[in-house]
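Asks:
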Amino acid sequence: MSKLTEMMEWLDLGAHYNDLKDVHLRELFGKDLERTNNMSIEACGLFLDYSKNRIQDDTVGKLVALAEACGMKDAVKAMFSGRKINESEDRAVLHIALRNRRNNAIEVDGENVMPGVNSVLERMANFANEVRAGTWKGYTGRQILNVVNIGIGGSDLGPAMACEALKPFSKREITVRFVSNVDSTHFAEATRDLNPEETLFVVASKTFTTQETMTNAQTARQWVLDSMKDEEAVARHFVAVSTNADEVAKFGINTELMFEFWDWVGGRYSVWSAIGLPLMLSIGPLNFMTLLEGAHAMDCHFEEAPLWENMPVVMGLLSVWYNNFFGAHTHAVLPYDQYLHRFAAHLQQLDMESNGKSVGKDGEPVDCETGPVIWGEPGTNGQHAFYQLMHQGTRLIPADFIGFCKTHNNLSDHHDKLMANFIAQTEALAFGKTADEVKADGTEGTLVAQKTFEGNRPTNTILAEELNPFTLGALVALYEHRVYVQGVIWGVNSFDQWGVQLGKVLASKVLDEIQAGDDAKLDHDSSTNGLIRRVREGK
Ligand code: G6Q
Numbered sequence: 013m014s015k016l017t018e019m020m021e022w023l024d025l026g027a028h029y030n031d032l033k034d035v036h037l038r039e040l041f042g043k044d045l046e047r048t049n050n051m052s053i054e055a056c057g058l059f060l061d062y063s064k065n066r067i068q069d070d071t072v073g074k075l076v077a078l079a080e081a082c083g084m085k086d087a088v089k090a091m092f093s094g095r096k097i098n099e100s101e102d103r104a105v106l107h108i109a110l111r112n113r114r115n116n117a118i119e120v121d122g123e124n125v126m127p128g129v130n131s132v133l134e135r136m137a138n139f140a141n142e143v144r145a146g147t148w149k150g151y152t153g154r155q156i157l158n159v160v161n162i163g164i165g166g167s168d169l170g171p172a173m174a175c176e177a178l179k180p181f182s183k184r185e186i187t188v189r190f191v192s193n194v195d196s197t198h199f200a201e202a203t204r205d206l207n208p209e210e211t212l213f214v215v216a217s218k219t220f221t222t223q224e225t226m227t228n229a230q231t232a233r234q235w236v237l238d239s240m241k242d243e244e245a246v247a248r249h250f251v252a253v254s255t256n257a258d259e260v261a262k263f264g265i266n267t268e269l270m271f272e273f274w275d276w277v278g279g280r281y282s283v284w285s286a287i288g289l290p291l292m293l294s295i296g297p298l299n300f301m302t303l304l305e306g307a308h309a310m311d312c313h314f315e316e317a318p319l320w321e322n323m324p325v326v327m328g329l330l331s332v333w334y335n336n337f338f339g340a341h342t343h344a345v346l347p348y349d350q351y352l353h354r355f356a357a358h359l360q361q362l363d364m365e366s367n368g369k370s371v372g373k374d375g376e377p378v379d380c381e382t383g384p385v386i387w388g389e390p391g392t393n394g395q396h397a398f399y400q401l402m403h404q405g406t407r408l409i410p411a412d413f414i415g416f417c418k419t420h421n422n423l424s425d426h427h428d429k430l431m432a433n434f435i436a437q438t439e440a441l442a443f444g445k446t447a448d449e450v451k452a453d454g455t456e457g458t459l460v461a462q463k464t465f466e467g468n469r470p471t472n473t474i475l476a477e478e479l480n481p482f483t484l485g486a487l488v489a490l491y492e493h494r495v496y497v498q499g500v501i502w503g504v505n506s507f508d509q510w511g512v513q514l515g516k517v518l519a520s521k522v523l524d525e526i527q528a529g530d531d532a533k534l535d536h537d538s539s540t541n542g543l544i545r546r547v548r549e550g551k
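Heads up: the sequence shown begins at 13 in this note's numbering, then just goes up one per residue.
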């Protein structure tokens, strides 16, 4: 395959961009009254209106042509069939198997992974049912009322986001907390009002060697022992989620209380696996299965729908359109639902760790920009903070607006107001306010320019009836596949994360130096040496 930016389809998009770059959404909407009907997709309980994008009726066709030329269909097939598409780690990429509710065989190295997936789900469900029913008791015979997940990155963000998102479906008697940061403050604050006798720790780590998680887990172990003064208590207050049985046993957790997953589950794609245990403890096995159903529905859509009607494909391609042709550096994700307040944080890892690459799968430097910076906050808070820059700043920030017709908390007219803002913002971003409209309000002089909104700021709107386990499953899977679509276009491996390694290695050297206190051995640059000395002296 030729270099991406030399491909005919890429060059065609470049020319198309030149034709379109100065065309305003006002004009595009004005000349096509059917625009929204033609530029929307409905699937898996989600409605995507992508008409407020800077595209014409032939733009998606051109983007799809690029996707086809980049082998999109084969790439999708390769993932679903269990091929080792994570080549740098020689692994299959099968988060889709974790939610494969139709249960067809998916083979890795000649072995069907589905019996293993189903059996872990069953063990998780049995355990969750016992804890939720109060029949799983702590060491002193007390019921478990608190679950504290200890994990970081992919072993934290997904379940933490989903526990918040699905709070209305949770068993409120059980408090679920997440400790990720190696900063002792995180552990101390998360546990300060908890009774150890009523607390279950889920130590979630694929490798079971991650410094932050192991440090927090040891502190938790000591916290339990300080209270119950018997090693036997560990077995009643700790379970593990890991791929590494040896390390789990070394920690002192009975491997019968280890919920396994596999090397073909990437951390940031693992909420559907045993990493979702704290979520299952919170919302119960049935709701957890419904979450998997929602994700599976999106998987089927992604696998089967034609590329131009395929929600993750169209969203991924639009993101390429802005990233590579309009030069947009960031992409905002703006959920108009307080329960999704951790959604952008999860997507940030999902997208930026997956596509933050400057070398392609072939080991050669990529010849275009890759993953954008993903960020966001729930509406309407963002409107009173950073939307100013989105409306009137010099940068183009494509944004996804996510909202729900129904609320779980029907208090007076809050929800109508929330949704009015949700809709009004995309209208304002697209159409702005012209200088003539500003003058017509009686504004004069230099204020006219300052009160003018250029508009032409692109958005996607994703609307669903209600935020529930099914829609959340579909929504998260939508973004997972969107990431893959972009990775395929850019030719990067979206499933490895070598960039995390260097900091880890250096931190372990600096840790020794902070603790050893031997000035003669400091062999870094002057800045690093100086900072180490200062921390040592000031601690
Ligand atoms: C995710 C990454 C990374 C990982 C954490 C935790 O895709 O690989 O965020 O999840 O570093 O790793 P462990 O689960 O092995 O502790």
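Even for Gly, the Cβ is constructed at its ideal location relative to N, Cα and C.
Between the beta-carbon of Thr-464 and the beta-carbon of Ile-409, is there less than 9 Å?
Replies: Not in contact: Thr-464 and Ile-409 (Cβ atoms no closer than 9 Å).
Asks: When the Cα atoms are used, what is the spatial distance from Glu-389 to Glu-176?
Replies: 14 Å
Asks: Is the Cβ of Leu-212 closer than 9 Å to any Cβ of chain B?
Replies: Structure shown: chain B not included; a single protein chain is present.
Asks: Which two residues bound the contiguous beta strand (DSSP E) that contains Ile-474?
Replies: For Ile-474, the uninterrupted beta strand (DSSP E) segment begins and ends at 471-476.
Asks: Counting Cβ pairs, one atom from each stretch, are 3 or more of them under 8 Å apart for the stretch 170-189 and the stretch 232-241?
Replies: no
Asks: Return helix, strand or coil for Ser-254, following the three-state DSSP convention.
Replies: strand
Asks: Mind checking whether the beta-carbon of Arg-354 lies closer than 8 Å to any heavy atom of the ligand G6Q?
Replies: No - the ligand G6Q has no heavy atom lying nearer than 8 Å to the Cβ of Arg-354.
Asks: Tell me whether the beta-carbon of Val-215 lies closer than 9 Å to the beta-carbon of Ile-162.
Replies: yes
Asks: Between Phe-220 and the ligand G6Q, is the CB less than 8 Å from at least one heavy atom?
Replies: yes
Asks: Report buried or exposed for Lys-64, applying the criterion of at least 16 other Cβ atoms within 10 angstroms of its Cβ.
Replies: buried
Asks: Using the C-alpha atoms, what's the distance from Ala-344 back to Leu-289?
Replies: 29 Å
Asks: If we ignore side chains and look at the alpha-carbon of each, how far apart do Pro-283 and Gly-166 end up?
Replies: This sequence places Val at residue 283; Pro is not what is there. CA-to-CA, the gap between Val-283 and Gly-166 works out to about 8 Å.
Asks: Quick one: residues in its chain with C-beta nearer than 7 Å to the C-beta of Pro-324, no 5 flanking neighbours on either side, listed in chain order?
Replies: Phe-314, Leu-490, His-493, Arg-494, Val-497
Asks: Using the three-state DSSP reduction, which class does Gly-415 fall into: helix, strand or coil?
Replies: strand
Asks: Please specify which runs of the beta strand (DSSP E), each continuous and at least 3 residues long, are wholly inside the stretch 350-393, giving them in chain order.
Replies: Runs found: 385-387.
Asks: Starting from Gln-68, follow its DSSP beta bridges and name the residues at the other end.
Replies: According to the DSSP secondary-structure assignment, Gln-68 is paired through a beta bridge with no residue.
Asks: Once the 5 residues before and after Val-188 are set aside, which same chain residues still bring their CB inside 6 Å of it?
Replies: Val-159, Cys-175, Pro-290, Ser-294
Asks: Check each candidate in Phe-355, Gly-73, Lys-96, Arg-111 and name the one with the smallest Cα separation from Phe-300.
Replies: Arg-111
Asks: Would you tell me roughly how many angstroms separate the C-alpha atoms of Gln-155 and Thr-147, rounded to the nearest one?
Replies: 7 Å
Asks: Quick one: what does DSSP say Lys-218 is sitting in, helix, strand or coil?
Replies: coil
Asks: Between Asp-412 and Gly-153, what straight-line distance do the alpha-carbon atoms span, to the nearest angstrom?
Replies: 48 Å
Asks: If distances are taken between C-alpha atoms only, which option among Asn-393, Ser-331, Tyr-351 comes closest to Asn-367?
Replies: It is Ser-331.
Asks: If we call anything under 9 Å between Cβ atoms a contact, is Asp-531 one with Arg-545?
Replies: yes
Asks: Threshold first: 3 residues or longer. Then list the beta strand (DSSP E) segments lying entirely within the stretch 165-239, N to C.
Replies: 187-191, 211-216
Asks: Confirm the yes/no value for this check: CB of Gln-462, any heavy atom of the ligand G6Q, distance under 8 Å.
Replies: no
Asks: Report yes or no: do the stretch 119-130 and the stretch 216-231 share at least 3 C-beta pairs separated by less than 8 Å?
Replies: no
Asks: Below 8 Å, is the gap between the Cβ of Gln-234 and the nearest heavy atom of the ligand G6Q?
Replies: Result no, Cβ not under 8 Å from the ligand G6Q.
Asks: Just list the beta strand (DSSP E) runs in the stretch 449-516, keeping only unbroken ones of 3 residues or longer that don't cross its boundaries, in chain order.
Replies: You should have 471-476.
Asks: Less than 9 Å between the C-beta atoms of Phe-443 and Gly-467, yes or no?
Replies: Yes; because the gap between Cβ atoms is below 9 Å, this pair is in contact.
Asks: Assuming contact is defined by CB atoms lying nearer than 9 Å, are Ala-286 and Asn-266 in contact in what I supplied?
Replies: no
Asks: For Ile-501, is the beta carbon positioned less than 8 Å from some heavy atom of the ligand G6Q?
Replies: Outside the cutoff, so no.
Asks: For Phe-416, collect the residues of the same chain with a Cβ closer than 6 Å to its Cβ; drop the 5 residues on either side in sequence, then sort them by chain order.
Replies: Asp-349, Ala-476, Glu-478, Leu-479
Asks: Does DSSP classify Val-345 as helix, strand or coil?
Replies: DSSP, read as helix, strand or coil, puts Val-345 in strand.
Asks: Assuming Lys-85 and Asp-24 are in contact, meaning their beta carbons sit under 8 Å apart, how far apart are those beta carbons, in whole angstroms?
Replies: Actually they are not in contact, since the Cβ atoms of Lys-85 and Asp-24 sit about 19 Å apart, beyond 8 Å.
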